[in-house]
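Residue numbers (the numbering used here), protein chains in the order written: chain A, 313 to 430; chain B, 316 to 719.
So, in structure tokens, the structure goes:
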């Protein structure tokens, strides 16, 4: 079955914004982990995941997000979640993920926070 | 607020167990299936580091089948005795604190450290240990709630059954591989026996040493060039090896006679395709049409051949190929009654008999193939090495064949 998931990335100064699109419900979503890993290795320590185009997240998706959050914690990087739908927020809160990330309504708010934090 | 979270958790657990069922019953290969299943479980409980271990009773160890966050350590192995396993509840969570001090933990302390195990779930299917699930600390830092333990138990049960099925599948695959090896061995013995028969046939004739092997090689080469399937190419190769088996019953004096044969002697010689057929038709070959190819290898497309005087439309492609391969080898080797033809002469003879004795298309394919081999335009020459062995190439500059 083809994955219904795509990932776009952009760098805004020293911040990397990951924009997953579609359904994070299979191992295709591991690409988010791999992408953030590559940026970690290049020295990036500020990340935003913008969930605006993400419709559905299941346990596999939650596992991928868990992995990214954990790596951010281990490397003392800052991770922001933005544009989350209620469903995402409920699941991430229930799983205790939001304890470890900064949550913003819009991507722009997170960018301001990360830039001001310098 | 608490009730809302409980409801979200319940719905997420139910949906995750459904995901798990879908993953383990998917058509993915075992490793990918188990990796997906592990991701489902780690997502259910927000665990960043985890491993699914498969138990191998013969080696008394558990090895990492799928890992998350432990990928850099695929060599991790837990040494496990049956006695270790009996002390744990089946498919239920064992906290690391409860694990500490157990023989299993003490013996594998380093492996547990590398796995980052905080929770260990021995996996049992039908009372048989099939593996274990190692879960690291949760991102939420929370202890497992009663409802989460129940969900984990349900997930563990599914994982255990999947592991057991994978183990059965592996056993079956090993059995299939073993049978395939046995089949290949038997096939090789079969081929060797047929080659021995072919050598025995050729031994009878002072002039035709390795004739059957060469005919088989030429015929297989032409069939391959015509796009035949592997199994059918093997069939015509076998037919080539055995096509003259009927000569075994013919008096050597006739076969090796230097003078011209009498009509009676020629009639005797001409019985050999039919005799070959009679001998071989009792054998149930694993290839199709071998005996028909052999029976008709002296038929001509103009209907002037023997034993059945078949016409072009009645002859199979295999019989036509074998006919040409046999005739060509006869042309380029010495016979008791005449010297060999040069390659150029043989080509001219094939062209002369094209459309009467030989099929036009097969004649062209054979001549083209030999030219290509001589020009080095093929990956692996098959006809040329045989011609070299019988010294048929010494006289031939390649270009003369084009003129012929």
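Quick reminder that beta carbons are idealized off the backbone N, C-alpha and C, glycines included.
Nothing here was measured: the structure is a model prediction, and the numbers come from that model.
Less than 7 Å between CB atoms is the rule here; does residue 423 (chain A) satisfy it with respect to chain B?
No - not a single Cβ of chain B is within 7 Å of the one on residue 423 (chain A).
Counting Cβ pairs closer than 8 Å, one from the region 543-558 of chain B and one from the region 597-615 of chain B, do we hit at least three?
Touching, yes.
Out of B:365, B:322, B:501, point me to the one whose CA is closest to residue 379 (chain B)'s CA.
Of the candidates B:365, B:322, B:501, the one whose C-alpha sits nearest the C-alpha of residue 379 (chain B) is B:365.
Give, in chain order, every unbroken run of the alpha helix (DSSP H) that is at least 4 residues long and sits entirely within the region 499-543 of chain B.
Complete alpha helix (DSSP H) runs here, min 4: 526-540.
Taking all protein chains shown into account, decide if residue 406 (chain B) is buried (16 or more other Cβ within 10 angstroms of its Cβ) or exposed.
Label assigned to residue 406 (chain B): buried.
Could one say the Cβ of residue 345 (chain A) lies closer than 7 Å to chain B's Cβ atoms, at least one of them?
It does not; no Cβ of chain B falls within 7 Å.
What do you get for residue 699 (chain B), buried or exposed, if any count of 16 or more other CB atoms within 10 angstroms of its CB means buried?
Buried: at least 16 other Cβ atoms inside 10 Å.
Using the C-alpha atoms, what's the distance from residue 577 (chain B) back to residue 706 (chain B)?
Each residue's Cα considered, the two are about 31 Å apart.
Determine the closest residue to residue 635 (chain B) out of B:393, B:541, B:423, with distance taken between C-alpha atoms.
Of the listed residues, the one whose Cα sits closest to residue 635 (chain B) is B:541.
What is the DSSP secondary structure of residue 423 (chain A), counted as helix, strand or coil?
The answer is helix: DSSP assigns residue 423 (chain A) an H, G or I state.
Between the C-alpha atoms of residue 584 (chain B) and residue 500 (chain B), what's the straight-line distance to the nearest angstrom?
Roughly 36 Å between the two C-alpha positions.
Measure the alpha-carbon distance for residue 606 (chain B) versus residue 588 (chain B) and round it to whole angstroms.
Roughly 10 Å separates the two Cα atoms.
From A:349, A:392, A:335, A:409, pick the residue whose C-alpha is nearest to that of residue 361 (chain A); which is it?
Nearest of A:349, A:392, A:335, A:409 to residue 361 (chain A), Cα basis: A:392.
Could you run through the region 443-476 of chain B and flag, in chain order, every residue whose CB is less than 8 Å away from some CB of chain A?
Answer set for the region 443-476 of chain B: 453, 454, 455, 456, 457.
Locate the beta strand (DSSP E) running through residue 331 (chain A), then write down its first and last residues.
Note, residue 331 (chain A): beta strand (DSSP E), 327-336.
Could you tell me whether the Cβ of residue 366 (chain A) comes closer than 7 Å to any Cβ of chain B?
Chain B, which has no Cβ nearer than 7 Å to the Cβ of residue 366 (chain A), makes this no.
Report the neighbours of residue 340 (chain B) on chain A: residues whose CB is nearer than 8 Å to its CB, in chain order.
The contacting residues do not exist; residue 340 (chain B) stays about 13 Å from chain A at best.
Is residue 359 (chain A) helix, strand or coil by DSSP?
In the structure shown, residue 359 (chain A) sits in a strand (DSSP, three-state: E or B).
Please list, in chain order, the chain A residues whose beta carbon lies closer than 8 Å to that of residue 349 (chain B).
By Cβ distance, chain A contributes nothing, its closest Cβ being about 11 Å from residue 349 (chain B), past 8 Å.
Tell me, to the nearest whole angstrom, how far the beta carbon of residue 556 (chain B) is from that of residue 527 (chain B); I am working on the premise that it is less than 8 Å.
The pair is a contact, with the Cβ atoms about 5 Å apart (cut-off 8 Å).
Answer yes or no: do residue 339 (chain A) and residue 351 (chain B) have a C-beta to C-beta separation smaller than 7 Å?
Result yes, Cβ atoms of residue 339 (chain A) and residue 351 (chain B) sit closer than 7 Å.
Tell me, please, whether the CB atom of residue 324 (chain B) is closer than 7 Å to any CB atom in chain A?
Output row for residue 324 (chain B): interface = yes.
Run through the DSSP bridge pairs and tell me what residue 439 (chain B) is partnered with.
BP columns for residue 439 (chain B) point to B:444.
Count Cβ pairs between the region 410-420 of chain A and the region 326-343 of chain B that sit closer than 8 Å; are there 3 or more?
Short answer: they don't touch.
List, in chain order, every chain A residue whose beta-carbon is nearer than 8 Å to that of residue 334 (chain B).
Near residue 334 (chain B) (Cβ distances below 8 Å), the residues of chain A are 337, 370, 371, 372.
Of all the residues that make up the region 396-428 of chain A, which are near chain B by a beta-carbon distance shorter than 8 Å?
Cβ contacts with chain B come from 402, 403, 405, 406, 407, 408, 409, 411, 412.
Run the CB neighbour count on residue 710 (chain B), radius 10 Å, all protein chains shown included, and call it buried at 16 or more, exposed below.
In this predicted model, residue 710 (chain B) has a pLDDT of only 49, less than 50, meaning its place in the structure is not dependable; the value taken from the coordinates is given anyway. Looking at its Cβ environment, which holds fewer than 16 other Cβ atoms inside 10 Å, residue 710 (chain B) is exposed.
Determine whether the beta carbon atoms of residue 656 (chain B) and residue 534 (chain B) lie at a separation below 7 Å.
Going by C-beta atoms, residue 656 (chain B) is not nearer than 7 Å to residue 534 (chain B).
For residue 348 (chain A) versus residue 354 (chain B), is the C-beta distance shorter than 7 Å?
In this structure, residue 354 (chain B) does not lie closer than 7 Å to residue 348 (chain A) by Cβ.
Can the beta-carbon of residue 319 (chain B) be found less than 7 Å from the beta-carbon of residue 357 (chain B)?
Going by C-beta atoms, residue 319 (chain B) is not nearer than 7 Å to residue 357 (chain B).
Per DSSP, what kind of secondary structure is residue 403 (chain B) in: helix, strand or coil?
In the structure shown, residue 403 (chain B) sits in coil (DSSP, three-state: anything other than H, G, I, E or B).
Do you know offhand how far residue 346 (chain A)'s Cα is from residue 453 (chain B)'s?
Roughly 21 Å separates the two Cα atoms.
Counting C-beta neighbours from all protein chains within 10 Å, is the total for residue 331 (chain A) 16 or more, i.e. buried, or is it exposed?
Residue 331 (chain A) should be labelled buried.
Helix, strand or coil: how does DSSP classify residue 451 (chain B) here?
Residue state, collapsed to three classes: coil.
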